[in-house]
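As given, the protein sequences belong to chains A and B, one line each in that order.
If you're matching positions, the first sequence starts at 0 in numbering that gives the first Met the number 0 and goes up one per residue.
If you're matching positions, the second sequence starts at 0 in numbering that gives the first Met the number 0 and goes up one per residue.
Protein chains: 2
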Amino acid sequence: MSNVVSVNPATGETRILDIKESSPELIRELCQRALDISRDLADRPLAWRASMLRAMADELERDAEALVHDAMTETALPRPRLEGELRRTAFQLRFFAVVVDEGSFLDVSIDHATDSPMGPLPDLRRLRRPLGPVGVFGSSNFPFAFSVPGGDTASALAAGCPVVVKAHPAHPATSQRAFEALVRGAQSVDAPEGTLALLFGFDAGLHLVDDPAIRAVGFTGSVAAGRSLWQRANDRSVPIPFYGELGSANPLVVTTAAAKERAIEIATGLAGSMTLGVGQFCTKPGLVFIPSGAEGDQVVVALVESLQSLREMTMLSEGIADHFRTGASRIARQSDIHTLFDGGATAGTSATAQLFSVAATTFAQSSSPTLYDECFGPVAIIVRYETTTELRASLHRIEPALTFSVFVGGDDADATWLLEVGEQKAGRVIVNQYPTGVGVAWSMQHGGPWPATTVPWATSVGAASIDRWLRPVTYQGVPDQWLPLALRDDNPLGLPQRVNGERR
Amino acid sequence: MSNVVSVNPATGETRILDIKESSPELIRELCQRALDISRDLADRPLAWRASMLRAMADELERDAEALVHDAMTETALPRPRLEGELRRTAFQLRFFAVVVDEGSFLDVSIDHATDSPMGPLPDLRRLRRPLGPVGVFGSSNFPFAFSVPGGDTASALAAGCPVVVKAHPAHPATSQRAFEALVRGAQSVDAPEGTLALLFGFDAGLHLVDDPAIRAVGFTGSVAAGRSLWQRANDRSVPIPFYGELGSANPLVVTTAAAKERAIEIATGLAGSMTLGVGQFCTKPGLVFIPSGAEGDQVVVALVESLQSLREMTMLSEGIADHFRTGASRIARQSDIHTLFDGGATAGTSATAQLFSVAATTFAQSSSPTLYDECFGPVAIIVRYETTTELRASLHRIEPALTFSVFVGGDDADATWLLEVGEQKAGRVIVNQYPTGVGVAWSMQHGGPWPATTVPWATSVGAASIDRWLRPVTYQGVPDQWLPLALRDDNPLGLPQRVNGERR
């Protein structure tokens with residue numbers, strides 16, 4: 000197998016790393032080892048599992064300086080952003096330690112034997128068990144938070160599953176270093192060898208999805224790649240769940256009342272949100288609905304002004320930058336599309352912000368995916384609407400998304416129906432805030448109806464992301480001595496239990 | 000479209016019903032209507048939703064005599080069984096009313112805005128919302144409990160989803176009558192028209208899975224039909240979750256200690272379990288592991304004696320009986336298989352019990368699906384093992400299943416590892432009881448790893464079956480007046496809430 004190459008997108012410099020692409024034999028071996036230790040891992044005490052997650056967070060922080068340096072070199076993202084992302088990633092590991100300690104994720108339920116109108120019911124006790132080895136695909140845009148040490152890895156380990164990660168080719172050195180930190184954390188608490196493994200190379204991803212030891216996959220990336228791997232997971236002789244967080248245009252609506260109240264403030268924030276991380280966020284607002292007329296014009300003018308102050312930016316890779324240029328020029332070529340702002344031509348990994356506009360009447364009747372699909376990068380399409388009816392018709396046309404944001408006035412009469420539309424179309428509905436931040440929290444939902452996510456209920460951020468890696472098992476008529484501790488009447492683990500239907 | 004035909008499997012008599020097979024236009028119209036009213040249905044108060052489920056149960060019971068009569072005519076199942084099944088079905092609807100009233104299924108979580116190591120976190124509030132119209136495929140073997148008024152319908156309505164059922168061709172008159180009872184219940188509480196719809200005909204099932212208004216499907220049936228419809232659901236331009244409860248051989252292990260203690264008792268119960276409902280249960284024990292030697296022989300002899308006392312039985316349809324005969328004779332023709340009992344040749348809808356045996360050493364090395372796949376009907380394969388090692392190797396070979404039962408002695412040293420195997424291979428692990436009963440309860444899991452279920456975490460029975468029809472939505476920064484009632488700080492609905500990570 001050939002060596003893995005690391006590219007500096009800012010300079011174009013390439014380094015040949017001392018890492019080989021993973022051979023099919025190695026992948027098979029690592030996946031099988033993950034399966035072989037999965038029972039051991041699943042059966043360790045919850046407190047041990049939490050301690051492993053905390054040790055991993057500690058080790059990441061211990062190597063923060065080198066990790067951030069590697070990531071800067073491989074992503075061209077600025078230091079403060081990467082330092083913040085690493086803090087978030089360590090926080091996320093510790094957050095899942097809290098989720099494990101709390102124990103609700105086991106969904107313990109105990110029904111004592113009883114009589115019922117359907118006859119006698121036996122003693123039934125249910126808890127959730129880990130699915131087994133999980134395959135994870137690191138994303139290009141978050142070298143820490145959605146990559147090797149990211150949310151999919153953290154939630155799967157928290158569920159008690161071994162993890163085999165396929166590193167994203169845009170940051171292999173960062174991936175390797177983060178992997179080594181996590182392994183040190185695992186070793187420090189004597190985790191079984193094979194709890195975490197790392198693969199490199201395009202083909203490695205295909206082998207990973209195909210491997211019979213793998214029980215589920217987590218993926219963050221494009222609709223095209225995600226749908227193709229999802230298909231592959233379904234084509235296995237034993238299909239497995241494929242949790243893909245794919246594309247999203249993240250519609251954002253500014254009402255007339257909001258535009259009247261605070262046009263400049265909204266526009267400035269929006270410019271920041273759509274160009275944050277060079278627009279390389281899965282939650283970048285890509286479709287912005289702004290009223291026609293003077294109030295709307297004020298928002299648009301201020302938005303263009305904000306974009307004008309931006310310099311040329313460096314994207315994560317030349318491939319991503321090429322893709323962005325192609326996408327933006329495809330939008331520009333659409334009939335009835337106006338270019339509001341063009342930051343200028345670029346080449347290589349460079350990009351400038353782009354802003355387009357289209358009339359709501361055109362948008363509502365368009366059948367062109369160019370108008371409503373995600374375009375990754377610092378670009379947005381403004382949809383100008385004359386009336387609420389036009390706005391409604393345009394929103395009817397949009398694709399489901401990860402987020403749906405509305406900027407409204409104090410007692411805005413349009414808020415209610417807009418929130419209703421948002422709830423139908425997205426997994427997170429936001430009022431007077433931008434969608435780009437995705438907090439790690441109990442109440443986060445980072446997922447939405449297809450094509451935002453391959454599984455409509457799944458989230459890849461927040462406490463509920465652990466649910467993807469679990470499967471309930473019911474024990475019927477099992478004497479106390481053979482029951483898992485979590486299911487015993489005296490509740491030795493102190494877990495939240497439902498007993499005979501009542502939450503305890 | 001042609002008229003629907005009802006067949007009496009006991010007499011072969013056919014009736015042409017005054018019901019047409021559903022045309023593609025009608026299916027489109029019914030699915031679209033379901034979508035059109037789905038928001039109205041979703042937004043009705045929980046107490047109203049519970050009252051609808053109770054009214055449906057009442058109406059089923061009010062028409063019990065005619066329903067049982069229709070079902071006897073169409074299924075040849077005995078009156079007490081059908082009366083019991085109808086009681087169960089009404090109980091199930093009322094059980095889901097309790098689940099709705101209790102409110103945990105909404106999984107409400109509120110995180111107030113706060114600071115964190117990853118920076119300030121906004122106010123985030125999550126609850127689960129209904130997915131929208133659900134397609135349901137009634138099963139052949141339970142004309143009530145897994146058909147029109149069954150668990151998929153009850154749980155989807157409880158989730159707040161409209162339901163479009165495709166009636167099973169084995170009991171169309173029963174389906175129509177049950178549908179009418181449910182509709183009367185719905186009307187009595189002024190449910191929107193289109194809350195429930197019923198389709199007839201083979202093609203209707205295909206159109207149902209394809210219809211763009213349908214958001215998820217529940218199915219109970221064979222691996223072949225289920226896998227084909229699952230594929231269809233994935234092939235849509237917008238794929239939807241397909242919850243199929245498919246085949247399962249339901250392994251049952253008798254240890255040497257158990258055989259020593261109570262051979263006759265175990266054998267008698269086993270004969271009853273494997274022939275209950277003419278073996279037409281998805282939880283029928285089809286693979287029975289019995290030790291060699293005198294203790295095991297006692298179980299086998301007693302089992303054969305019990306089967307000998309059974310008369311010829313009538314299966315649900317000639318198709319199912321033919322399928323059973325083909326399957327049983329395929330087993331009989333396998334090399335190294337011994338026929339332990341053959342109830343005699345049958346034709347039409349008749350069937351007799353069949354019992355086969357195979358050595359564990361043969362079973363463990365076999366690659367023939369005939370040995371380890373489900374054979375629907377009153378048949379089981381006994382696997383005789385000499386040693387624990389042989390038993391382990393054989394259990395390693397079995398396919399995942401809905402259930403895994405063990406009969407053990409009082410302090411049986413084999414119990415622990417057997418339960419571990421069971422937990423890996425099945426969704427329900429049972430000690431010293433038979434798998435055929437599936438109680439409607441908070442702690443039930445009726446599902447298992449592929450091919451038992453298309454989605455590993457899903458259950459089609461019990462409180463958790465409601466989870467299949469829900470999708471979380473997070474509200475970020477939404478002022479109180481626009482928040483759903485369930486998410487408000489003063490908790491006007493009195494729901495279980497998680498607040499800042501703490502269960503309330």
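Cβ atoms here follow ideal geometry from the backbone N, Cα and C, with glycine treated the same way.
Find the residues of chain A that neighbour residue i, judging by a C-beta separation of less than 8 Å, and give them in chain order.
i              : result
arginine 470/B : Gly426, Pro448, Pro455 and Trp456
Relative to the C-alpha of residue i, which candidate in the options has its C-alpha closest?
i                   : options                                   : result
phenylalanine 104/B : Pro491/B, Gly446/B and Trp441/B           : Trp441/B
phenylalanine 511/A : Arg43/A, Val3/A, Ile109/A and Asp114/A    : For residue 511/A there is no data in the structure shown, the boundaries of chain A being 0 and 503.
glutamate 398/B     : Ser366/B, Thr388/B and Ala232/B           : Ser366/B
alanine 177/A       : Ala257/A, Thr415/A and Asp57/A            : Asp57/A
arginine 470/A      : Thr254/A, Asp210/A, Pro132/A and Gly184/A : Pro132/A
leucine 486/A       : His111/A, Arg27/A and Tyr384/A            : His111/A
alanine 223/B       : Gln423/B, Gly493/B and Cys374/B           : Cys374/B
glutamate 311/B     : Thr325/B, Ala155/B, Ala346/B and Glu12/B  : Ala346/B
In chain B, which residues lie with their C-beta within 8 Å of the C-beta of residue i?
i                : result
isoleucine 109/A : Ser442
asparagine 431/A : Gly476
tyrosine 328/A   : Strictly speaking, residue 328/A in this sequence is serine, with tyrosine absent from that position. Correct list: empty, because the minimum Cβ distance to chain B is about 26 Å.
Pull up the CB-CB distance for residue i and residue j, whole angstroms please, since I reckon it's below 8 Å.
i                   : j               : result
phenylalanine 141/A : glycine 134/A   : The Cβ separation is near 18 Å, so there is no contact.
arginine 301/A      : alanine 266/A   : Here the sequence assigns alanine to residue 301/A, which means arginine is not the residue at that position. About 3 Å separates the two Cβ atoms, so the contact holds.
phenylalanine 403/B : glycine 421/B   : 4 Å
phenylalanine 145/A : threonine 219/A : 5 Å
serine 316/B        : valine 67/B     : Actually they are not in contact, since the Cβ atoms of serine 316/B and valine 67/B sit about 19 Å apart, beyond 8 Å.
valine 430/A        : valine 460/A    : Going by Cβ atoms, the distance from valine 430/A to valine 460/A rounds to 19 Å, so no, they are not a contact pair.
I want to see whether chain A comes within less than 8 Å of residue i, judged by CB atoms only; does it?
i                  : result
methionine 273/B   : no
phenylalanine 90/B : yes
tyrosine 474/B     : yes
leucine 418/B      : yes
threonine 267/B    : no
leucine 130/B      : yes
alanine 513/B      : Examination of residue 513/B is not possible in this model, given that chain B is present from 0 through 503 alone.
threonine 415/B    : yes
tryptophan 47/B    : no
leucine 120/B      : yes
proline 240/B      : yes
glycine 500/B      : yes
Identify the continuous alpha helix (DSSP H) that holds residue i and give its terminal residues.
i                  : result
glutamine 307/A    : 292-307
asparagine 2/B     : Per DSSP, asparagine 2/B belongs to no alpha helix (DSSP H); it is in the beta strand (DSSP E), 2-6.
glycine 204/A      : 201-209
glycine 193/B      : Neither: glycine 193/B is in no alpha helix (DSSP H) and is coded neither H nor E.
glutamine 475/B    : No alpha helix (DSSP H) contains glutamine 475/B, which is instead part of the beta strand (DSSP E) from 469-475.
tyrosine 433/A     : Here tyrosine 433/A belongs to no alpha helix (DSSP H), and DSSP marks it neither H nor E.
phenylalanine 94/B : 78-101
Would you give the residue range spanned by the beta strand (DSSP E) that residue i belongs to?
i                   : result
glutamine 480/A     : Neither: glutamine 480/A is in no beta strand (DSSP E) and is coded neither H nor E.
phenylalanine 406/B : 400-406
serine 108/B        : 107-110
Name the chain B residues whose beta carbon is nearer than 7 Å to that of residue i?
i                : result
asparagine 233/A : Asn233
valine 237/A     : Trp449
Distance cutoff 8 Å, beta carbons only. Does residue i sit that close to anything in chain B?
i               : result
arginine 53/A   : no
threonine 435/A : no
threonine 351/A : no
valine 439/A    : yes
serine 115/A    : yes
proline 79/A    : no
glycine 276/A   : no
proline 495/A   : yes
serine 366/A    : no
List the residues of chain A that residue i touches, going by C-beta distances under 7 Å, in chain order.
i               : result
glutamate 422/B : Arg128 and Val472
leucine 123/B   : Gly438, Ala440, Ser442 and Met443
Kindly say whether residue i, judged by its beta-carbon, lies nearer than 8 Å to any beta-carbon of chain C.
i             : result
glycine 204/B : The chain labelled as chain C is not found among the protein chains of the depicted structure, namely A and B.
Against residue i, what residues of chain B qualify as contacts under a CB-to-CB distance less than 9 Å, listed in chain order?
i            : result
serine 21/A  : Chain B residues near serine 21/A: none, gap ~26 Å exceeds 9 Å.
serine 103/A : Arg497 and Arg502
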